[in-house]
Amino acid sequence: LLTSASLSIWGWWGLGVVLFLITFGPFAIFYLAFYILCFIGGGFVVLLLFGKINSEKHLERCEHSYLPSTQTAILKVLEEMKSESKPIKIDRRLTGSSIIDEPLQQVIQFALRDYIQYWYYTLSDDETFLLEIRQTVQNALVEFSTR
Numbered sequence: 048l049l050t051s052a053s054l055s056i057w058g059w060w061g062l063g064v065v066l067f068l069i070t071f072g073p074f075a076i077f078y079l080a081f082y083i084l085c086f087i088g089g090g091f092v093v094l095l096l097f098g099k100i101n102s103e104k105h106l107e108r109c110e111h112s113y114l115p116s117t118q119t120a121i122l123k124v125l126e127e128m129k130s131e132s133k134p135i136k137i138d139r140r141l142t143g144s145s146i147i148d149e150p151l152q153q154v155i156q157f158a159l160r161d162y163i164q165y166w167y168y169t170l171s172d173d174e175t176f177l178l179e180i181r182q183t184v185q186n187a188l189v190e191f192s193t194r
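Here the sequence shown stands for residues 48 to 194, where the numbers follow my numbering.
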């Protein structure tokens, strides 16, 4: 006797088979079985030909013959990047009047803090980007003040 639980399981399996056949066609079952057999057969062939120990040695030889050592190259690039950092000099004069320049510098500092630093520090701790943004904003303000 079929219970309602087993009937439900058979129903879901039947629906899955019907949808599989409609989606991929009637020969898809043969292709799927063929691919699974090829995968399993290939695994057995590798195990029979090489064995576990020989295949690991072969894999190590292949990896080391094609790939250079990456750790030293990465460290070398990081050292070069650190040595290339140059301090950026920022001229804090904007309009020539300290009464106007000081509040403008505060506005720039607040804008950088509130709109850029809160998301930028999640990406990097490098201050160069923030200094370049400050320099760009200051250059724009100097252009406005001269016009």
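Every residue gets a Cβ at the ideal spot worked out from N, C-alpha and C, and that includes glycine.
For Pro150 and Ser144, the rounded distance between their alpha carbons: Within the sequence shown, the letter at position 97 stands for residue 144. Within the sequence shown, the letter at position 103 stands for residue 150. If I take the Cα positions, the gap works out to 11 Å.
Inter-residue Cα distance where the pair is Val92 and Leu170: Mapped onto the sequence shown, residue 92 falls at position 45. Mapped onto the sequence shown, residue 170 falls at position 123. As the crow flies, the alpha-carbon of Val92 is around 48 Å from that of Leu170.
Tyr165 beta carbon less than 8 Å from that of Leu177: Counted from its first residue, the sequence shown places residue 177 at position 130. Counted from its first residue, the sequence shown places residue 165 at position 118. No, the Cβ-Cβ distance between Leu177 and Tyr165 is not below 8 Å.
Whole-number beta carbon distance between Arg139 and Gln152, since they are thought to touch under 8 Å: Here residue 152 refers to the residue found at position 105 when the sequence shown is read from its first residue. Here residue 139 refers to the residue found at position 92 when the sequence shown is read from its first residue. Between Arg139 and Gln152 the Cβ distance is about 6 Å, and since that is below 8 Å, they are a contact.
Simplified DSSP state of Pro150, which is helix, strand or coil: As a position in the sequence shown, residue 150 is number 103, starting the count at 1. Reduced to three states, the DSSP call for Pro150 is helix.
7 Å CB neighbourhood of Arg194 in its chain, flanking five on each side removed: Counting from one through the sequence shown, the residue named residue 194 turns up at place 147. Same-chain partners within the cutoff: there are none.
Check whether Leu141 and Gln185 have beta carbons under 8 Å apart: The residue labelled residue 141 in the question sits at position 94 within the sequence shown. The residue labelled residue 185 in the question sits at position 138 within the sequence shown. Taking 8 Å as the Cβ cut-off, Leu141 and Gln185 qualify as a contacting pair.
Unbroken alpha helix (DSSP H) run spanning Gly58, endpoints: Mapped onto the sequence shown, residue 58 falls at position 11. Segment 51-71, the alpha helix (DSSP H) holding Gly58.
Per-residue DSSP class, three states only, for Gly143: Residue 143 sits at position 96 when you count from the first residue of the sequence shown. Looking at Gly143 - three-state DSSP - the assignment turns out to be coil, as it is neither helix nor strand.
Simplified DSSP state of Asp138, which is helix, strand or coil: Here residue 138 refers to the residue found at position 91 when the sequence shown is read from its first residue. If DSSP states are grouped into helix, strand and coil, Asp138 belongs with coil.
Spatial distance of Pro73 from Ser51 (CA atoms): Start at 1 with the first residue of the sequence shown, and residue 73 comes out as number 26. Start at 1 with the first residue of the sequence shown, and residue 51 comes out as number 4. One C-alpha to the other measures close to 29 Å.
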